[in-house]
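First the structure, in the form of structure tokens, and then the observations on it.
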Amino acid sequence: MNINDKIILKESAQEDRTLVIRDALRNAIVDRRLSPGTKLSESEVGSLFDVSRTVARAALQMLAFEGLVRTERNRGAFVSHPSPDEARQVFASRRLIEPGLISAAIGRITPEDIAAFRQQLEEEGRFMNERGPAMRRAEIKASGDFHLMLASVAGNAILQRFMEELVARSSLVIALYGRSGVSSCGHSEHAALLDALEKGDEKRARDLMLHHIDHIEADLDLQVKDEMSLRDALDL
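In the numbering used here, each residue's number is its place in the sequence shown (first place is 1) plus 3.
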């Protein structure tokens with residue numbers, strides 16, 4: 004093995020570690036195990052994953068590109084807290100993209116894909132019937148996974164990566180702004196979407212997707228609220 008091969012292997016291993024860290028932090032953010040505003044120190048991330056600060060910084064930069072982390076000059080990286088306007092932009096983007104994914108997927112979907120979607124719906128239903136913060140987070144994730152599966156079936160790798168970002172941002176928005184006790188993503192609407200896909204009814208599937216995204220956004224409380232004093236917030 005020559006020196007160039009060794010350099011390539013080292014760079015490949017470093018990139019793999021960066022992706023592992025990115026995915027672990029992304030899951031923790033979307034699951035709300037890391038709250039908005041939490042500081043993400045390069046040195047602490049590096050220590051936890053036993054990597055250099057350079058590798059930790061690269062993972063945080065990936066998350067910043069996806070909008071899940073914000074960086075501040077001379078202060079470092081923090082978990083994002085999307086504004087109501089940013090939340091609306093996320094769902095506006097989904098309205099533009101996901102009907103197109105329907106059109107791409109409907110000509111490619113196989114019986115094996117349908118079976119995988121049915122299994123995903125069963126998992127969604129199980130989480131919906133449970134209670135508690137952990138189940139709520141699991142339900143949000145399972146709902147997002149349905150849309151990512153659709154992006155995968157559509158067969159466009161670039162749009163699939165874009166959808167991964169949008170679903171991650173959507174999950175954070177839903178966790179922050181979702182109304183208590185309201186399903187994050189209508190399970191019955193997913194089932195109706197899948198039925199239309201299975202029948203090859205593109206128009207109905209596209210219409211259902213738009214209605215579905217409207218429903219998700221309508222379940223959010225995106226009203227800008229006036230700041231309260233500590234005394235008022237505690238009702239003292």
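Note that the Cβ used here is the ideal one computed from N, Cα and C, for glycine as well. Note that this is a predicted model, so its numbers are computed, not measured.
- Ranked by Cα distance from Ala194, the first of His150, Gln163, Asp217 and Glu168 is His150.
- Distance from His190 to Glu101 at the Cβ level is roughly 17 Å; contact not present, criterion being Cβ atoms closer than 8 Å.
- By the Cβ criterion, the stretch 205 to 215 is not in contact with the stretch 58 to 74, since fewer than three pairs of Cβ atoms, one from each stretch, lie closer than 8 Å.
- Contact between Thr41 and Val82 holds: their C-beta atoms lie close to 4 Å from each other, under 8 Å.
- Contact between the stretch 153 to 167 and the stretch 99 to 118 is present, with at least three C-beta pairs closer than 8 Å.
- Taking all protein chains shown into account, Leu51 has fewer than 16 neighbouring C-beta atoms within 10 Å of its C-beta and is therefore exposed.
- A direct Cα-to-Cα measurement between Leu37 and Asp204 gives close to 41 Å.
- Taking C-beta atoms as the reference points, Leu175 and Pro114 fail to come closer than 9 Å.
- The beta carbon of Ser96 lies closer than 8 Å to those of Leu169 in the same chain, with the five residues before and after it left out.
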